[in-house]
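Here the structure comes first, spelled out in structure tokens, and everything after it is commentary.
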């Protein structure tokens, strides 16, 4: 096992700069949550990290080895991409079973028994054709490929899109179980932030073509506060702190702060101080600016 | 250990409080093994590192202890320790909050005392 290190990744689609110099280190043995708004470049970054898409500038290395066109490094990585019922050539008439067969050739540590077990847990018949699967079932197949690949670093791009709440909970459990048993590294991108927050050891917020922050989830939430009250009191209490997403209404004000090491809010009984959920924090940091 | 999480507190603090409550209720007995961080992680579908952080609070407080290679155990006298800690925290967590809120509402100390004496 090893770390996956991105340095200075730049990606442009024609004139549009999607990623502008991303530096990111994925350390082995953790579950990462990759969070960002639509179109911010999550999938682009993930595909560059796994050499499925060339970057205009920058390098990606796994355990010190260049990832691009390097089988030796790529054997440790799995990017289980969203599966489509339709291909450019028409409906994808392949059976799940056949799709697994291809995966078993592509991923050197493929675990067929585990893949079959997961399909059973999801309640899907492997003889089904991919074109006949619902959106949720397609997600289940994508998840199964990722988990059964047994790759050291496994990337799941919006694995829970299309899954109902029961299947989503099943997925989080499967992920934690596999991670606890094997110590594999996972990167999971998602828009359903709140319910997945407890699964991520670290979160990565992507904004404006770059990494806004990468931090231990618990530590990040521990230093986030929402302060509300009379505007002057709020200003007094939060003076000199990093403030985000100020909202005013009449005489009142609400603001999100991120405390740095050694900082604290000034004591004042007149303001309300609350913890934030990861979702609230994401909106405060990456939401629309006024 | 089947409580649901709230949004108000960090998950790792909730994990440590749940284990404490289980010790107080006699669900976990002294000198008995507690679930491992991996078991807790799977049970609650939370990251094992977060579960470990919760357990370590109790190890640092001497409420749990590690037996190398076997797991985590409830210390002798843990129940007593938790009760003492909770009593100490009672002033900060409850008394202060009640007095603060009473002040905001303009309830005098005398009125507040009367309310407490009349409760039950």
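Residue numbers (the numbering used here), protein chains in the order written: chain A, 1 to 290; chain B, 291 to 410.
Every residue gets a Cβ at the ideal spot worked out from N, C-alpha and C, and that includes glycine.
(request) Could you say if the region 295-312 of chain B and the region 245-260 of chain A meet the contact criterion of at least three C-beta pairs nearer than 8 Å? (result) no
(message) Give me the residue from A/64, A/198, A/105 and A/119 with the minimum Cα distance to residue 304 of chain B.
(response) A/198
(request) For residue 347 of chain B, go through chain A and note every residue whose CB falls closer than 9 Å to its CB, in chain order. (result) Those do not exist, as residue 347 of chain B stays about 12 Å from chain A at its closest Cβ, beyond 9 Å.
(message) Looking at the secondary structure, which residues open and close the alpha helix (DSSP H) in which residue 306 of chain B lies?
(response) 301-314
(message) Are the CB atoms of residue 364 of chain B and residue 319 of chain B within a distance shorter than 8 Å?
(response) yes
(message) With distance defined between alpha-carbon atoms, name the residue in A/189, A/122, A/270 and A/97 nearest to residue 37 of chain A.
(response) A/189
(request) Give the residues of chain A in contact with residue 304 of chain B, contact being defined as C-beta atoms less than 8 Å apart. (result) Simply none; closest approach about 10 Å.
(request) For the region 355-402 of chain B, list the alpha helix (DSSP H) runs that are entirely contained and at least 4 residues long, ordered along the chain. (result) 368-380 and 386-395
(request) Can you grab the Cα-Cα spacing for the pair residue 141 of chain A / residue 164 of chain A, in whole Å? (result) 15 Å
(request) Show which residues of chain B have a CB atom less than 8 Å away from the CB atom of residue 173 of chain A. (result) 332 and 335
(message) Tell me whether residue 138 of chain A, by its Cβ, gets closer than 7 Å to a heavy atom of the ligand FMN.
(response) Judged by which ligands are present, the structure shown has none, so any question about the ligand FMN falls away.
(request) For residue 208 of chain A, go through chain B and note every residue whose CB falls closer than 7 Å to its CB, in chain order. (result) Residues of chain B passing the Cβ test: none, with the nearest at roughly 28 Å.
(message) Please state the DSSP three-state secondary structure of residue 107 of chain A.
(response) coil
(message) Residues in the same chain with beta-carbon distance under 8 Å from residue 104 of chain A, minus the five sequence neighbours each way, listed in chain order, please.
(response) 110 and 112
(request) For the region 25-46 of chain A, enumerate the residues whose C-beta is nearer than 7 Å to any C-beta of chain B, in chain order. (result) 31
(message) Going by beta-carbon coordinates alone, are residue 83 of chain A and residue 138 of chain A separated by less than 8 Å?
(response) yes
(request) Measure the C-alpha to C-alpha separation of residue 232 of chain A and residue 193 of chain A and round it to an integer number of angstroms. (result) 33 Å
(request) Kindly indicate if chain A contains any beta-carbon less than 8 Å away from that of residue 307 of chain B. (result) no
(request) Taking only the alpha-carbon atoms, compute the straight-line gap between residue 373 of chain B and residue 314 of chain B and give it to the nearest angstrom. (result) 8 Å
(request) Could you pull the start and end residues of the alpha helix (DSSP H) that residue 191 of chain A belongs to? (result) Per DSSP, residue 191 of chain A belongs to no alpha helix (DSSP H) and is neither H nor E.
(request) State the CB to CB distance for the pair residue 207 of chain A and residue 10 of chain A, rounded to an integer number of angstroms; the pair is presumed to be in contact (CB under 8 Å). (result) So it is not a contact: roughly 16 Å between Cβ atoms.
(message) Is there a Cβ of chain A sitting closer than 8 Å to that of residue 383 of chain B, yes or no?
(response) no
(message) Would you call the region 150-166 of chain A in contact with the region 75-93 of chain A, where contact means no fewer than 3 C-beta pairs closer than 8 Å?
(response) yes
(message) Assuming residue 256 of chain A is part of the beta strand (DSSP E), what are its boundary residues?
(response) 252-258
(message) What does the alpha-carbon distance come out to for the pair residue 143 of chain A and residue 214 of chain A?
(response) 24 Å
(request) Would you tell me roughly how many angstroms separate the C-alpha atoms of residue 19 of chain A and residue 355 of chain B, rounded to the nearest one? (result) 48 Å
(request) Hey, could you find the ends of the beta strand (DSSP E) residue 224 of chain A is sitting in? (result) 224-230
(message) Please tell me whether residue 398 of chain B has its Cβ less than 8 Å away from any Cβ of chain A.
(response) no
(request) Check the Cβ of residue 296 of chain B against every Cβ in chain A and list those closer than 8 Å, keeping chain order. (result) Result: empty, since nearest Cβ-Cβ is about 10 Å, beyond 8 Å.
(request) Assess, as a yes-or-no matter, whether the region 264-279 of chain A is touched by the region 242-251 of chain A under the definition of 3 or more beta carbon pairs within less than 8 Å. (result) no
(request) Kindly indicate if chain A contains any beta-carbon less than 8 Å away from that of residue 328 of chain B. (result) yes
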